[in-house]
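Going letter by letter, the sequence shown gives residues 4 to 596 in my numbering.
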Amino acid sequence: MGPVRLAPAAVDLERRGDDLLLRCPHAPGAPVRALGVLLEGWAQRDPSRTFLAERDGARWQRLEYGTAWETTQRVGSALLDLGASPTRPVALLSHNSLSHALMQLAAMHVGVPVAPISPAYSLLSSTHDRLRRIIATLRPAVVFAEDLVRYAAAVDTLPDEVAVIGDGDYGGDSTPFAVVADTAPSEAAAAAWAAVGPDTIAKILFTSGSTGHPKGVVNTQRMLCSNQEAIATLWPFLADTPPITVDWLPWSHTFGGNHNLGMIVRNGGTLYIDGGRPAPGLLDATVANLREVSPTIYFNVPRGYDLLAAAMEQDHELRQRFFARLDVLFYAAAALPPATRARLDALAQAEGREVFLASAWGSTETAPLATSAYFPTSTPAVIGLPAPGVEIKLAACDGRHELRVRGPNVTPGTWEPGGTITPPALDAEGFLCTGDAGWLADDDDPRLGIRFEGRLGENFKLTTGTWVLVGKLRVSLVDACAPWVQDAVIAGQDRDEITALLFPAPLPSGVSAAEQRAHIVEGLRRHNAAHPASSTAVHRVTLETEPPSLDAGETTDKGYLNQRRILERRAATVQRLYSTPPGDEVIEIPTKG
């Protein structure tokens, strides 16, 4: 099979002194008024087509488009009966599931903002501080948790006036989901659906907290629907064959909940909900699912691809099933290390597949797509070109360039208690200031895309005045130490040299900690030999034994590290990295030869 159909790489560029303004010349299709219009359309055209499926033991429980549309109307009616309204949202605490999807769709159907909240805030936190803060901000009328026994501790923190939907006896009042789903469709729900339009708030997505406390970013129907038209314009192959995917990415985040789930609804595809995760012990569920379902498009974060590649290198049957009809591998949220990319390419070639490796950039505030690498690229950290309908400004900022966004995908602001909205940080021309840095991958050919250069707030200067690009250096270190290091935190602000806190990958069977340490040291030697400049060479490292803490804000449930928070919380470790002599746990790395 030949390569998939893609729009040709194109960009209109305007130079404004030190700034650049980039636009996409591809015109997007007109977005529908609401995501539910797309669901209704597929329900009418092909009601028996599988929309979503989830594991029920050894079998897949399937939700067809026709049933999804009918149940959405019933659940929407029940939500209005329970007091949900445009200013009293619906909050979802639990993991991706058929019921979770129906709760989302139903709330949006009746014009009620829905807030899928990271399950980690309920299950992995001992204090529930973030959950309490989010609930206080939302003031929801209804909260859903699929398994009330499992979520009992979290549900117990809710105000008494909140109506609880879910299954199981947790010791308080609740309504089973089956009862809600059996509610007769009401005239009030029909009227509410008729009033839903582009400016209606669809979702409130709480940012992962990678830069601070979670804030509720408002996502309107215009944002969601314009994003899907932009994707369809750049990826015309989606119209050739309805996409089929096996996806674990949480719907509490914009990547999984907007980009992926929205793409399925837009194109009449099928999403198999993956209960696995890219983590030791949890990948087995993903592997089992991929042995049964061959995706046409697959989404993951770089760490997920690293673990999956290792599994496929040892499991020929898994590799065959995974690549049987695969056209696209998509990654986002972090740069894909070159070593991981090479492994994926080799695996695809072994199965005779020509797979397109795609990426993109955006944020919760942009629903999420702002740029897309919808063309082949081999340069690490290239995030593509502006999406259709979106303008990107590369604005000069302290010797760097900030990525700023203007378009129909940009949020009107953040949700405050009672439903007021605080506008986002826009510049004088109405561009969203993202805090991310970037520049052209090739000054002579802008069609080769924009290169991501990390967070402006993460980058720092050494005492020499030399800038250290943290995002780029982090990827380089992880790549040099693959597969022995899971992530890296870079230190050195106002210091003479760079050091790093490394988080080792779990030890493979039969490998000792001493052997792992030796591999890491050798990888760092190679890195320093290839990158000897003061802005890239790493002089000392520690191998952190305490994993990043979710409660302390060091990480998110998807594993993204908050560099600044880790450096603050582990300041004593950083001090030992720079002590003379260094602490016993500090490894010194040669910086020459």
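All residues carry an ideal CB built from backbone N, CA and C; glycine is no exception.
The residue from T417, S479, V492 and F240 with its alpha-carbon nearest to that of N565 is V492. Fewer than three beta-carbon pairs drawn from the region 328–343 and the region 276–283 are found closer than 8 Å, and the two stretches are therefore not classed as touching. Assigned with DSSP and collapsed to three states, C228 falls in helix.
Distances from the CA of V290 to each of A312, L108 and L274 were compared; the closest alpha carbon is that of A312.
Short of 7 Å from the beta carbon of S102, and not among the five residues preceding or following it, lie these beta carbons of its own chain, in chain order: E149 and F180. Listed as beta-bridge partners of F209 by DSSP are G219. When P31, G171, L141 and D172 are compared, the shortest CA-CA separation from L161 is found for L141. Two segments are said to touch when three or more pairs of C-beta atoms, one from each, lie closer than 8 Å; by this definition the region 39–54 touches the region 68–79. Non-local C-beta neighbours of L55 in its own chain, meaning closer than 7 Å and more than five positions away in sequence, comprise L66, L101, A104, L274 and I276, ordered along the chain. If the five residues before and after A198 are omitted, its C-beta is found closer than 8 Å to the C-beta atoms of G114, all from its own chain and listed in chain order.
Collapsing the DSSP output to three states places N263 in a helix.
Judged by DSSP secondary structure, R133 falls outside any beta strand (DSSP E) and instead within the alpha helix (DSSP H) spanning D132 to L141. It is roughly 9 Å from the alpha-carbon of R269 to the alpha-carbon of A235. Around the beta-carbon of K396, 16 or more other beta-carbon atoms lie within 10 Å, marking it buried.
The Cβ neighbour count for R529, taken over all protein chains shown within 10 Å, is under 16; the residue is labelled exposed. Cβ contact annotation for I120 (same chain, cutoff 8 Å, sequence separation greater than five): A94, L95, L96, L134, I137, F209 and S255, in chain order. Taken in chain order, the complete alpha helix (DSSP H) segments of 4 residues or longer contained in the region 57–86 are 68–84. In this chain, the alpha helix (DSSP H) harbouring V182 covers F180 to A184. Looking from the CA of P34, the closest CA among R579, A532, G392 and S512 belongs to G392. Note: H319 is not bridge-paired with any residue in the DSSP secondary-structure output. The beta carbon of V481 lies closer than 7 Å to those of P340, V488, D490 and A491 in the same chain, with the five residues before and after it left out.
Separation of V14 and P415 (C-alpha to C-alpha, rounded to the nearest whole angstrom) is 26 Å. Here the region 368–388 lies against the region 225–232, with 3 or more beta-carbon pairs under 8 Å apart.
In the three-state DSSP reduction, A33 falls in the coil class, being neither helix nor strand. Here the region 244–263 does not lie against the region 19–32, with fewer than 3 beta-carbon pairs under 8 Å apart. Annotation for R409: no alpha helix (DSSP H) segment contains it, though the beta strand (DSSP E) segment containing it runs R403 to R409.
Taking the Cα of A485 as reference, the smallest distance to any Cα among A144, A508 and R498 is reached at A508. Our two residues, V221 and S366, have alpha carbons roughly 12 Å apart in a direct line. Following the DSSP letters along the chain, one finds A521 inside the alpha helix (DSSP H) bounded by residues A516 to A533. One thing to note: A440 has its Cβ within 8 Å of the Cβ of E405.
If you look at G169, you'll find it in the beta strand (DSSP E) that goes A166 to D170. At the C-beta level, A139 and V165 stay beyond 8 Å of one another. Comparing alpha-carbon positions, the option among G468, R579 and E354 lying closest to F326 turns out to be E354.
In the three-state scheme derived from DSSP, where H, G and I count as helix and E and B as strand, Y173 is classed as coil. Taking C-alpha positions only, G402 is separated from A483 by approximately 28 Å. Secondary structure at T466: coil, using DSSP grouped into helix, strand and coil.
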